[in-house]
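Peer 1: Position one of the sequence shown corresponds to residue 6 (the working numbering), numbered consecutively onward.
What follows is a single structure, and I will ask about it in a moment.
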Amino acid sequence: VVRNVFVHGCSCHSLHLARSHAAKKLPSTVGQFARDIYSYFAYSSKRLHQLFECQIYAQEKSHKMLYPSQTRWLSLK
């Protein structure tokens with residue numbers, strides 16, 4: 006249960022705003038770490054293929070990795 010949260014209108018937008026506020030409490034190194042992980046895989050087709058193979062081995066659904074950005078809801082700020 007979260008106290009002092011008022012949801013009005015679009016619940017996804019409200020969740021995004023709450024998450025954005027919470028993310029401000031994290032050190033900036035967390036956001037940089039997420040960007041570094043993205044860059045590690047995104048700029049190497051070999052590494053991206055290895056990630057895909059790990060997902061198959063773990064029986065996980067494969068997802069396209071998206072760059073953490075301020076304009077994408079529920080992404081890092």
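Beta carbons: idealized from backbone N, C-alpha and C, even for Gly.
1. Give the straight-line distance between the Cα atoms of R24 and T34, rounded to the nearest whole angstrom.
2. Closest to M70 by CA distance: which of R52, Y62, L22 is it?
3. What number of angstroms, rounded off, separates the C-alpha of Y45 from the C-alpha of I61?
4. Name the two residues that bound the continuous alpha helix (DSSP H) containing K51.
Peer 2: Per the coordinate set shown:
1. 17 Å
2. R52
3. 19 Å
4. 50-62
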